[in-house]
């Protein structure tokens with residue numbers, strides 16, 4: 001039975017912007033697995049109530065239901081152990097765990113400041129009030145106050161990305177010669193932006209740009225063929 | 001023949017504060033290797049001229065001469081391959097490489113702001129002019145302008161350390177159940193501070209504090225027994 005993945009969508013069904021869902025979608029491809037990617041909006045809580053919580057990604061594999069991108073990656077690694085590894089063992093899992101929290105602390109808030117206006121524009125109308133209320137509560141300010149897509153934020157992002165850049169100037173992927181789940185965590189951040197915003201985050205001569213290009217091309221251009229801006 | 005390590009020292013021979021030398025010293029212990037740790041000062045360029053450059057750590061193992069902490073870790077991993085691994089394979093090496101650049105970009109500049117005055121006080125008199133000139137050139141400001149050991153910098157450090165903290169709340173070491181070279185890279189930052197400054201960087205209820213405690217205790221309290229402040 002085809003795996004089902006509930007995947008966050010915007011106003012258009014094909015606008016798939018969730019960085020967490022992108023992690024999972026790349027992990028599925030890495031494992032050579034296809035999935036039905038079901039568009040889902042923030043306010044469609046009842047559609048995923050069966051998972052016992054209200055956020056995507058939610059993966060349904062036969063009778064197994066798994067939510068949270070990190071948990072899903074582990075589920076895939078364990079269940080499909082004979083297929084290409086996402087972690088390459090415990091030491092790789094530890095590395096990916098660091099990338100997960102680094103991405104959340106150092107990168108995500110800056111990209112969010114840059115793309116927030118574009119992201120909000122791309123939301124489904126029925127999601128906009130929920131998104132505004134939940135994010136403004138979390139941020140402690142209005143969306144308009146938080147959104148700062150200016151040169152200063154883009155410069156701060158370049159500095160914050162420096163560890164990623166330094167590694168990618170020395171090897172093609174965070175995982176070495178091949179991508180691992182840590183790559184997909186970081187790549188998800190750029191797919192988040194690409195799906196909704198024409199703002200260029202990374203210069204074309206940046207090692208990060210070339211790495212992103214390789215991942216856009218991976219799996220027969222799976223990520224490149226997704227709806228998004230050419231930036 | 002006993003391995004020799006040229007190790008940065010301050011005014012007192014036993015004040016060993018280089019974070020890069022600490023990485024190597026912990027790596028040597030990890031491999032079960034003892035070394036003669038030779039005190040060296042910034043201006044003693046002639047003493048390590050045989051290495052073809054002017055910075056420590058410099059490791060001399062029989063007829064092999066290796067400088068740069070990353071290169072030394074690789075040398076030890078390759079030469080002493082049958083002993084406990086520092087990297088646990090290519091994926092661990094990639095993880096440690098990320099920690100190296102993250103530490104340099106996100107952590108080191110903040111700790112430097114906090115401990116700089118104390119560090120300068122602890123330098124050997126003959127090193128002070130060299131240190132001031134080289135660092136002021138690099139920083140583009142005077143040492144006194146850069147040194148900001150205040151609450152704001154300490155708070156910024158807590159935020160920057162969040163990826164390390166999040167991982168260590170879930171497992172005892174960056175390497176998982178056991179430390180690997182990535183742990184020693186991060187630990188070196190704290191040994192840098194501990195050797196010269198009484199300022200407490202980390203609260204006692206922080207997962208980072210407990211991790212640091214475990215590494216201070218490792219190898220029969222090797223790092224704890226080094227000269228430094230109890231912070």
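Protein chains in written order, with UniProt numbering: chain A, 1 to 231; chain B, 1 to 231. All C-beta atoms, glycine included, are put in the ideal place defined by N, C-alpha and C.
Check, Outcome
"4 or more residues per run - each alpha helix (DSSP H) lying fully within the region 31–92 of chain B", "69–79"
"Neighbouring residues, chain B, relative to residue 166(A) (Cβ below 7 Å)", "101"
"Cβ-Cβ distance between residue 184(A) and residue 92(A) below 8 Å", "no"
"Cβ-Cβ distance between residue 174(B) and residue 94(A) below 8 Å", "yes"
"Opposing strand residues paired with residue 184(B) [DSSP bridges]", "Its beta-bridge partners do not exist; DSSP assigns none."
"Contact with chain A by residue 94(B), beta-carbon distance below 8 Å", "yes"
"Burial state of residue 229(B) (16 or more Cβ within 10 Å)", "exposed"
"Neighbourhood of residue 99(A) by C-beta distance below 7 Å, restricted to the same chain and skipping five residues each side", "174, 182, 185 and 186"
"Between the CA atoms of residue 28(A) and residue 68(A) - distance to the nearest angstrom", "14 Å"
"Residues of the region 210–222 of chain B with Cβ closer than 7 Å to any Cβ of chain A, in chain order", "none"
"Contacts that residue 180(B) makes with chain A (C-beta to C-beta distance below 9 Å)", "91 and 94"
"Extent of the continuous beta strand (DSSP E) run through residue 126(B)", "Careful: residue 126(B) lies outside any beta strand (DSSP E) and carries neither H nor E."
"CA-to-CA distance, residue 193(B) to residue 42(A), given in whole angstroms", "46 Å"
"Contact list for the region 126–151 of chain B against chain C, Cβ threshold 9 Å", "Absent here is chain C; the protein component of the structure consists of chains A and B."
"Per-residue contacts from residue 23(B) into chain A (C-beta, under 7 Å)", "In chain order: nothing, as chain A lies at least about 16 Å away."
"Candidates 64(A), 84(A), 202(A) and 211(A), of which the one nearest residue 157(A) by Cα", "202(A)"
"Cβ neighbour criterion (16 or more within 10 Å) applied to residue 134(B)", "exposed"
"9 Å Cβ cut-off: residues of chain A touching residue 98(B)", "95, 98, 99, 102, 163, 164, 166, 167, 174 and 182"
"Members of the UniProt domain \"GST N-terminal\" (8–84) of chain B near chain A, C-beta cut-off 8 Å", "none"
"Any C-beta of chain A under 8 Å from that of residue 170(B)", "yes"
"The alpha helix (DSSP H) enclosing residue 209(A), as first and last residue numbers", "207–221"
"Whole-angstrom distance between residue 62(B) and residue 37(B), CA atom to CA atom", "15 Å"
"Contact the region 119–129 of chain B vs the region 9–18 of chain B: 3+ CB pairs below 8 Å", "yes"
"Cβ of residue 105(A) within 8 Å of any chain B Cβ", "yes"
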